[in-house]
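This report refers to the structure that appears directly beneath it.
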Amino acid sequence: MNKREAKLDKLFRAAIKAETGATSVKLTSTEAFIMRPNTYGRRHIGPRDSVSDWLERPNTGCHVRGHSNEAAAYRAALNL
9 MNKREAKLDK LFRAAIKAET GATSVKLTST EAFIMRPNTY GRRHIGPRDS VSDWLERPNT
69 GCHVRGHSNE AAAYRAALNL
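Residue numbers (my numbering): 9 to 88.
Here it is in structure tokens:
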């Protein structure tokens, strides 16, 4: 993983945490999972590509709406 990919991954995780209130994020090559405070186990939030799309285009109809400052930082880094 190069520096740009590492930065995008860090921003992606931060955006997911900000959008969902998660304490941790687990990403596989195809899926995204979160763990929230006071809950047991991980919760599947969707395919990794879909979560990325939700962050890239702010919306109102899913778990990740893309309206946080962290999501804006992720979008800005994608456009560099």
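Glycine included, C-beta positions come from ideal geometry on N, C-alpha and C.
Asked, Found
"Taking only runs of the alpha helix (DSSP H) that begin and end inside the segment 19–57, which ones reach a length of at least 4 residues, in chain order?", "none"
"Note down, in chain order, each residue of its chain lying with its Cβ closer than 7 Å to the Cβ of V59, except the 5 sequence neighbours on either side.", "I24, A40, I53, V72"
"Which residues bound the alpha helix (DSSP H) around N77?", "77–86"
"So A26 and A84 are supposed to be a Cβ contact under 8 Å. How far apart are they, rounded?", "Their Cβ separation, rounded to whole angstroms, is 14 Å, which puts A26 and A84 out of contact at 8 Å."
"Output needed for R56: all residues of its chain with C-beta closer than 8 Å, excluding positions within five of it in sequence on either side, in chain order.", "L35, T36, S37, T38, E39, A40"
"From A22 to T68, what distance separates their C-alpha atoms?", "19 Å"
"If you draw a straight line from the alpha carbon of D61 to that of T28, how long is it in whole angstroms?", "15 Å"
"With a threshold of 6 Å on Cβ separation, who are the neighbours of S32 within its own chain once the five nearest residues in sequence on each side are excluded?", "M43"
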